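Numbering (mature numbering (1 follows the signal peptide of the UniProt record, and there is no 0)), first residue to last: -23 to -1, 1 to 154.
One structure is given below, encoded as structure tokens.
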Amino acid sequence: MKKKILFPAVLIIATMFTCSAFAADTTKIGVVNFEKIIQESSAGKVMQKDLKAKLEQLQGKLQAEDKKFQDMSAALEREALVLSSEKKLERQRELRDKADDLKKMNADYTQEMNIMQNKRVNQIQKDVFDITNKIGKAQGYIVIIERKRAGVIYAADKMDITDEIIKEYNSIYAKKK
């Protein structure tokens, strides 16, 4: 009786181990850190450099206009006592208009920077997506997930293929230049 129960139990346990070992061999999952790709890839570094240069250029223009505004404000304060009320109101209106122009300029520059950044990030994402698909198919991954967006809290280092993607991306990016 014991042999009749023992044999099926051993068979079931052996089958479970065999199936799990087989599944472990065929289940290949990769993890990608997109932020790291932006920080360390050639394309990401060029994007950051270009964005920084554009930001400095726009900030310079904004600061020059702000200086004009400050000068207009200081001039109005100095001359307020000697100006006629009509002229004083005109200068105050000009000052308000200049302040509105500065706010609009700041908003326009912020929007311009966001558009530029989004355009560049989207291009990098597209390139990385293509490279990831190529690597995934070539190396037999069943799924490759992005670390942050997928909510991955922990993944073993051997699952992280970010460096491989950066290497491939840098190679492709160098050829494009």
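Quick reminder that beta carbons are idealized off the backbone N, C-alpha and C, glycines included.
Note that the coordinates shown come from a computational prediction; the quantities given were computed from them, not determined experimentally.
In three-state terms, what does DSSP make of residue i?
i	result
Ile122	strand
Val9	strand
Met136	helix
Lys44	helix
Ala127	coil
Gly117	coil
Assuming residue i and residue j form a contact by the criterion Cβ under 8 angstroms, report the distance between their Cβ atoms to the nearest whole angstrom.
i	j	result
Ser18	Tyr118	Not a contact, Cβ separation roughly 20 angstroms.
Leu60	Arg68	7 angstroms
Glu141	Ile112	6 angstroms
If we call anything under 9 angstroms between Cβ atoms a contact, is residue i one with residue j?
i	j	result
Glu42	Asp78	yes
residue 160	Gly7	Examination of residue 160 is not possible in this model, given that the chain is present from -23 through 154 alone.
Ala143	Lys44	The sequence given here places Ile at residue 143; Ala does not occur at that position. In this structure, Lys44 does not lie closer than 9 angstroms to Ile143 by Cβ.
Arg126	Met24	no
Ala84	Phe46	no
Val129	Ile121	no
residue 164	Phe11	There is simply no residue 164 to check, as the chain begins at -23 and stops at 154 in what is shown.
Lys114	Met82	no
By how many angstroms is the C-alpha of residue j removed from the C-alpha of residue i?
i	j	result
Asn110	Ala151	20 angstroms
Ala(-3)	Lys5	At Ala(-3), the pLDDT of 47 sits below 50, so the modelled position is not reliable; the number obtained from the coordinates is stated separately. Cα-Cα distance, rounded: 13 angstroms.
Ala52	Gln36	24 angstroms
Leu32	Lys26	10 angstroms
Asn91	Leu28	10 angstroms
Ala132	Val9	10 angstroms
Lys57	Asn95	Sequence inspection shows Ala at residue 57; the Lys mentioned does not correspond to that position. Taking the straight line joining both Cα atoms gives about 47 angstroms.
Met49	Gln40	14 angstroms
Lys154	Lys80	38 angstroms
Phe106	Leu66	59 angstroms
Ile149	Ala20	10 angstroms
Q.
At 3 residues or longer, what runs of the beta strand (DSSP E) sit wholly inside the region 55 to 99?
A. Along the length of the region 55 to 99, whole beta strand (DSSP E) runs at least 3 residues long do not occur.
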